[in-house]
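Chains as they are written, first to last, in my numbering: chain A, 729 to 965; chain B, 729 to 965; chain C, 729 to 965; chain D, 729 to 965; chain E, 729 to 965; chain F, 729 to 965.
Reviewing the structure listed below.
Protein chains: 6
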Amino acid sequence: MRILVTNCNTTEAMTKEIEAGARAAASPGTEILARTPAWGPESAEGWLDSFLSAAAVLDLLRRTEEPFDAVVLAGFGEHGREGARELLDVPVVDITEAAAHLASLLGRRYGVVTTLDRTCGLIEDSLRTAGLADHCVAVVGTGLGVLELRDEGRTEAAMLTAARRVRDAGAEVLVLGCAGMTGLDRRLSAALGVPVVDGVAAAVRLAESLVALGLTTSRAGSYATPLPKRRRWQPPG
Amino acid sequence: MRILVTNCNTTEAMTKEIEAGARAAASPGTEILARTPAWGPESAEGWLDSFLSAAAVLDLLRRTEEPFDAVVLAGFGEHGREGARELLDVPVVDITEAAAHLASLLGRRYGVVTTLDRTCGLIEDSLRTAGLADHCVAVVGTGLGVLELRDEGRTEAAMLTAARRVRDAGAEVLVLGCAGMTGLDRRLSAALGVPVVDGVAAAVRLAESLVALGLTTSRAGSYATPLPKRRRWQPPG
Amino acid sequence: MRILVTNCNTTEAMTKEIEAGARAAASPGTEILARTPAWGPESAEGWLDSFLSAAAVLDLLRRTEEPFDAVVLAGFGEHGREGARELLDVPVVDITEAAAHLASLLGRRYGVVTTLDRTCGLIEDSLRTAGLADHCVAVVGTGLGVLELRDEGRTEAAMLTAARRVRDAGAEVLVLGCAGMTGLDRRLSAALGVPVVDGVAAAVRLAESLVALGLTTSRAGSYATPLPKRRRWQPPG
Amino acid sequence: MRILVTNCNTTEAMTKEIEAGARAAASPGTEILARTPAWGPESAEGWLDSFLSAAAVLDLLRRTEEPFDAVVLAGFGEHGREGARELLDVPVVDITEAAAHLASLLGRRYGVVTTLDRTCGLIEDSLRTAGLADHCVAVVGTGLGVLELRDEGRTEAAMLTAARRVRDAGAEVLVLGCAGMTGLDRRLSAALGVPVVDGVAAAVRLAESLVALGLTTSRAGSYATPLPKRRRWQPPG
Amino acid sequence: MRILVTNCNTTEAMTKEIEAGARAAASPGTEILARTPAWGPESAEGWLDSFLSAAAVLDLLRRTEEPFDAVVLAGFGEHGREGARELLDVPVVDITEAAAHLASLLGRRYGVVTTLDRTCGLIEDSLRTAGLADHCVAVVGTGLGVLELRDEGRTEAAMLTAARRVRDAGAEVLVLGCAGMTGLDRRLSAALGVPVVDGVAAAVRLAESLVALGLTTSRAGSYATPLPKRRRWQPPG
Amino acid sequence: MRILVTNCNTTEAMTKEIEAGARAAASPGTEILARTPAWGPESAEGWLDSFLSAAAVLDLLRRTEEPFDAVVLAGFGEHGREGARELLDVPVVDITEAAAHLASLLGRRYGVVTTLDRTCGLIEDSLRTAGLADHCVAVVGTGLGVLELRDEGRTEAAMLTAARRVRDAGAEVLVLGCAGMTGLDRRLSAALGVPVVDGVAAAVRLAESLVALGLTTSRAGSYATPLPKRRRWQPPG
């Protein structure tokens with residue numbers, strides 16, 4: 729089985745991190761095809777970036793020529809999943825919902841810890857439109873500015889602080905609200921004594937499950953095949 | 729006061745229709761600047777189109793050099809409004825929420841009639857993330873295929889049928905769930921004896937109100953100015 | 729266009745304040761007709777006052793002989809709006825819902841700051857039945873007793889404290905939960921760096937918009953014309 | 729124990745009906761004091777009537793000089809209960825919520841059948857602000873005009889039709905959404921094979937229970953004693 | 729009238745406490761029949777215990793040979809009520825919902841104080857499936873371990889602390905989230921100045937009310953009589 | 729990896745069916761250990777059966793001596809999952825939630841088709857407490873009596889009718905609301921052109937995923953290890 733994993737930004741280094749995480753989570757025999765969009769933001773932090781990213785990822789999906797059996801969209805809280813479901817005949821799993829699905833099986837309530845505060849609303853909306861907001865008690869950011877995020881030790885300490893706030897809000901399980909932070913899930917889990925779910929790992933396993941069970945996106949209603957028409961994917965000239 | 733009104737698709741004829749509707753609704757002294765995205769889908773029907781449209785409209789907004797005092801996003805149910813709010817210092821009004829806001833003032837419950845059934849979910853999600861779903865009893869499409877929509881009489885008859893279903897579901901006010909159908913609001917209203925709200929007209933008036941009251945998007949929290957970074961708006965080369 | 733603005737209590741001085749606020753917000757050419765109920769409470773603080781006020785305001789509306797094109801009900805959180813919609817053929821806008829509608833366009837979540845704590849529940853119920861509670865994160869009072877409210881400096885300081893609590897609860901926009909405090913919206917906005925919406929100003933603009941677009945209350949269903957019958961508006965004798 | 733039961737309209741004959749129903753439901757030793765407001769609508773059908781009724785009933789309550797141990801507000805769906813709770817030191821039970829409370833103990837979902845369609849929204853709002861809407865599957869009116877209601881046989885037949893619609897919507901228990909229709913609950917129950925709850929009977933029993941257990945309205949927060957101030961209960965002169 | 733009151737655990741001493749509370753709350757002429765399950769947990773603290781308790785209580789109910797007119801299930805937050813409704817032809821009142829019903833009549837919002845933190849989720853789910861969660865602002869435990877609960881003074885002090893947290897969360901009425909703590913309701917009420925509802929007392933009065941009004945569980949839909957079949961209530965041999 | 733799959737009733741033939749379905753869905757290398765409770769109902773149809781089943785299945789789990797890596801609870805809509813999570817250190821997946829999780833990835837809304845109408849409420853409550861009700865548009869039974877279910881052809885025809893109702897209510901994906909009907913998912917899917925999810929298959933794959941990712945139930949909060957105490961699992965003597 730071959731799973732296409734798409735980064736949501738143009739930073740190759742993050743694609744590599746995601747690829748490593750996906751590989752570590754995959755079953756034996758599953759091939760991971762990690763791809764970076766040719767355009768879009770270098771990191772996705774907020775709605776402007778998220779909409780730009782969604783278009784760029786959809787462009788990547790329609791251009792990908794290698795065959796694949798499922799897609800994992802590796803942008804936490806980012807837009808695009810419904811469009812990918814229309815576009816493709818294979819199952820599509822977004823890491824945001826994937827993490828929430830598995831977290832829901834591990835405790836009565838879960839919460840999300842993420843990096844920048846400005847993405848919290850984006851994540852909340854994504855969980856709500858996925859029908860998974862009911863058991864989410866909090867989405868908490870680190871309060872760090874973007875430059876501060878470059879200091880890895882500081883970021884991790886701030887993520888731990890955010891994680892404690894989420895737990896105090898009633899979360900019995902944590903979801904790691906960002907892709908490409910390999911190993912952080914285990915460190916937070918060890919420090920706090922609660923399960924921590926990484927979205928990329930969760931999504932890879934869910935994608936495998938759907939493929940194995942012969943299930944794919946319904947074409948009845950919302951996610952019917954896109955109507956054939958002229959779509960310009962970039963400015964003319 | 730000058731209001732920039734953006735079509736969500738690349739079809740100039742629809743921009744003209746929207747422009748006419750906006751002008752008819754505007755106060756004396758308000759100038760309407762209607763613009764068509766340089767890229768994107770020729771019509772927005774579903775999530776794939778909507779995400780492509782969102783990126784193209786945001787690209788249009790960042791490139792627009794004429795000054796303007798407010799923006800009206802004239803794509804019913806389409807994505808992008810939160811990104812526009814981050815990007816711009818002037819108020820941004822989406823026709824989906826605008827119509828719902830005014831409809832809420834006119835009756836205890838409202839409903840939406842739209843063209844293709846496949847966009848109903850998109851509209852429902854848009855109303856829900858705008859916090860306006862509580863009083864919406866139904867979003868109903870015509871059940872017509874896209875080719876059939878070209879037959880104007882048939883479309884109007886089908887819209888009337890859909891409007892009756894919405895009313896029977898408890899709607900006391902109707903929202904016209906598509907842009908660029910000048911006059912249809914009045915004809916449906918006359919036929920059914922209930923108010924019918926057109927989103928473009930509603931949004932123009934709401935945008936004027938915000939400007940007149942000196943109100944614009946909050947920068948505290950979700951809609952902070954986008955972080956400066958490299959964003960590629962199209963494939964390289 | 730002429731807009732009738734009704735105070736919810738019998739205190740003329742407050743009617744004057746409201747009138748001034750309404751005039752400042754109105755478009756050129758809009759005439760403001762501010763009126764005080766002939767009976768009711770001298771201030772509306774709680775349900776008992778609110779129901780008494782609702783009847784007195786409805787009595788005022790049915791007795792008003794001058795023609796008017798729309799009504800603004802200037803009692804924040806007070807009852808009566810649905811009755812006015814049944815009674816009148818012109819649009820009716822309540823300042824509670826008006827402020828919430830505009831606030832929803834300016835940020836992802838809003839909150840309300842008001843004077844007495846005892847009115848918070850009343851305001852919450854009003855927003856909920858208006859279908860606007862979903863994006864309201866908090867309604868917070870000053871915690872001051874009614875006598876303390878007479879000290880203007882103290883009240884304003886307490887409102888600022890309440891406003892900070894609302895913002896910390898996640899509000900990106902504030903709504904001023906009381907009529908007749910001209911200028912407070914601007915001072916809070918300057919102090920906290922977020923938009924602050926005044927209900928009277930918002931309602932005047934929304935009423936103008938509905939009139940300009942030829943929209944008025946639906947007669948289908950809830951707000952049908954009241955049935956003719958004997959109604960005694962005061963005790964006999 | 730003495731329970732004051734207030735009709736919501738000025739029609740003495742209905743007060744008599746309500747009184748008979750209350751007496752039939754009361755425990756031995758409970759005295760029923762049925763009272764008619766001195767002013768207000770001759771019947772309450774919609775928001776205008778309901779707000780007028782609320783003020784008139786509150787006026788009745790504050791003027792009542794006989795001692796009483798609890799109050800039953802016998803207007804189905806009508807406003808006023810929160811004001812009565814502020815005003816009085818004894819427990820206050822509204823027949824709308826009373827019926828819903830008992831109905832919730834008898835089946836997984838309940839529904840309401842009422843007379844005029846125009847009161848359905850009023851009842852829905854009343855149940856929602858009472859926190860009891862979650863298990864209510866439908867509020868259905870007879871669709872009869874007010875003149876047709878005078879034909880008793882026709883009304884009862886129409887109520888039966890409405891009751892069938894409520895049951896088909898999933899109600900396992902019915903609530904009779906009007907006061908003063910003695911015996912109709914038993915006839916509907918016999919015809920449909922489901923329990924039918926009458927609000928007056930339910931409220932009398934709940935009021936007795938609260939008194940017996942020494943429980944009365946909380947003064948902490950919403951329902952604090954009204955502030956002393958000038959309140960005019962009728963026009964001057 | 730005879731009411732069967734079932735303890736949810738096998739501890740006779742707690743049955744005695746519950747019996748005393750039930751007797752104190754009952755009307756003259758009501759006979760209380762308190763019973764202890766023959767098997768199950770010695771105390772119910774969490775889901776495992778709750779499911780075991782539910783089966784044991786249902787077994788007790790089906791084996792009880794004395795006639796009774798209603799049942800009170802005296803396990804706060806415990807499972808089983810829907811099964812008892814299927815099984816029996818008389819009304820069934822669970823103390824969890826009973827307390828919430830009466831509390832809803834006494835203030836705008838209520839909260840629950842209980843012993844062990846681990847039961848909070850169980851109570852929340854019980855209120856939610858009973859349709860009563862909407863007005864519940866918090867369910868708070870003492871934070872004490874089970875051994876610490878044996879120290880009565882310490883427990884009561886911790887319950888008072890929990891009660892203050894519930895009140896600060898906006899509760900105007902408290903519900904005592906455990907059976908068999910006679911007198912604690914009055915002491916908490918005196919200390920905090922808010923009504924405190926005891927579930928056993930509330931349930932006894934509600935059961936009496938249903939019997940007096942001739943109301944019992946609906947057989948239409950969810951709570952139809954159980955299908956005849958082989959059910960083994962214990963391991964073979 | 730070894731997964732323990734528990735039937736919820738005492739009918740061995742159904743355990744065999746479930747076992748076959750679990751084996752067909754499992755990855756190579758996963759061993760399925762299917763077990764039947766030693767006591768309980770011969771089929772679970774309603775709350776009485778469900779609570780009896782829950783206790784019997786928990787008894788089975790605590791007595792099982794073979795080691796296992798995860799548990800699948802194969803009773804659709806039945807109680808017990810939270811108790812199993814307290815009891816065991818390995819992940820526990822209930823087929824109700826499992827099916828809903830996968831269905832949510834395949835379409836915007838899903839619905840459930842089941843056998844007896846009386847279990848619909850049970851399934852709705854189970855989805856709601858699992859936080860998965862938001863995207864479920866309907867739970868529909870066949871309307872057949874229990875004897876009629878023995879006619880397999882008739883049952884399948886009735887399930888198809890129910891499935892059409894679910895689809896017409898807006899479901900884009902169907903969930904098969906009963907265990908042990910191997911092959912029915914594929915036949916319904918073929919007939920209706922939408923994905924149909926079988927809970928046993930979904931749960932086996934989800935259980936494998938959790939084990940592979942090293943995730944298990946959180947012990948923080950709700951699902952802490954049960955307190956040591958005397959629990960009697962059957963009547964004495």
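Virtual Cβ for every residue (Gly too), placed ideally from N, Cα, C.
These numbers come from a predicted model, not from an experiment.
In its chain, beyond the 5 residues on either side, Ala762 have a beta carbon closer than 8 Å to the beta carbon of Lys744 (chain F). Within 10 angstroms of the beta-carbon of Glu747 (chain B) lie 16 or more other beta-carbons, which makes it buried. Separation of Ile823 (chain A) and Gly849 (chain A) (C-alpha to C-alpha, rounded to the nearest whole angstrom) is 16 Å.
Around the C-beta of Glu793 (chain F), fewer than 16 other C-beta atoms lie within 10 Å, and the residue is accordingly described as exposed. Note on geometry: alpha-carbon atoms of Leu943 (chain E) and Ala918 (chain D) lie some 12 Å from one another. DSSP assignment within the stretch 875-955 of chain C yields the following whole alpha helix (DSSP H) runs of 4 residues or more, N-terminal first: 880-896, 912-920 and 927-940. Looking at the backbone, the Cα of Thr945 (chain C) and that of Arg895 (chain F) are separated by about 36 Å. Distances from the alpha-carbon of Ala798 (chain E) to those of E:Leu934, E:Gly768, E:Gly774 and E:Pro964 put E:Leu934 closest. Residues of chain A with a Cβ closer than 7 Å to the Cβ of Val874 (chain B) are, in chain order, Leu955. If you check the CB distance, Val800 (chain C) and Val840 (chain C) do not come in under 7 Å. Distance check between Ala783 (chain C) and each of C:Glu773, C:Pro795 and C:Ala766 places C:Ala766 closest, using alpha-carbon atoms only. If you ignore the 5 residues before and after Gly835 (chain A), its C-beta comes within less than 6 Å of the C-beta of Glu900 and Val901, all in its own chain and listed in chain order. Taking a Cβ-Cβ threshold of 8 Å, none of the residues of chain F is close to Thr758 (chain E); the smallest such distance is about 27 Å. Contact with chain B is absent for Phe804 (chain A), since none of that chain's Cβ atoms lies less than 7 Å from the residue's Cβ. Contact annotation for Asp862 (chain B) against chain C: Gly859 and Asp862 [CB-CB distance below 7 Å, chain order]. Look at Gly835 (chain B): its C-beta is under 7 Å from a C-beta on chain C. In the displayed model, Val868 (chain D) falls within a strand according to three-state DSSP. Note on the stretch 739-812 of chain E: whole alpha helix (DSSP H) runs with a minimum of 4 residues are 740-753 and 775-791, in chain order. Leu732 (chain A) counts as buried, since at least 16 other C-beta atoms from the protein chains shown sit within 10 angstroms of its C-beta. Cβ contact annotation for Val818 (chain A) (same chain, cutoff 7 Å, sequence separation greater than five): Phe796, Asp797, Ala798, Val799 and Thr944, in chain order. At a cut-off of 7 Å between C-beta atoms, Glu814 (chain C) counts as an interface residue with respect to chain D.
Residues of the stretch 772-803 of chain E whose Cβ lies closer than 8 Å to any Cβ of chain F, in chain order: Glu773, Gly774, Trp775, Leu776, Asp777, Ser778, Phe779, Leu780, Ala782, Ala783, Ala784, Leu786 and Asp787. In the three-state reduction of the DSSP assignment, Thr824 (chain F) falls in the helix class. As a beta-bridge residue in DSSP terms, Val733 (chain D) pairs with D:Ala762 and D:Val800.
Annotation: the continuous alpha helix (DSSP H) that includes Gly849 (chain E) extends over Cys848 to Thr857. In this chain, the beta strand (DSSP E) harbouring Val841 (chain F) covers Tyr838 to Val841. When CB distances to chain D are screened at a threshold of 9 Å, the residues of the stretch 941-952 of chain C falling below it are Gly949, Ser950, Tyr951 and Ala952, in chain order.
With a 10 Å radius around the Cβ and a threshold of 16 neighbouring Cβ atoms, Pro923 (chain C) comes out buried. The beta carbon of Glu880 (chain D) sits no closer than 7 Å to any beta carbon of chain C. Shown here for Leu938 (chain C): same chain residues with a beta carbon closer than 8 Å to its own, the five before and five after excluded, namely Ala798, Pro819, Val821 and Thr944 in chain order. At a cut-off of 7 Å between beta carbons, Arg914 (chain F) makes no contact with chain E. Contacts between Gly921 (chain C) and chain B, judged by CB atoms closer than 9 Å, involve Ser946, Arg947 and Ala948 in chain order.
As a beta-bridge residue in DSSP terms, Arg960 (chain F) pairs with E:Gly768. Our two residues, Cys906 (chain C) and His829 (chain C), have alpha carbons roughly 16 Å apart in a direct line.
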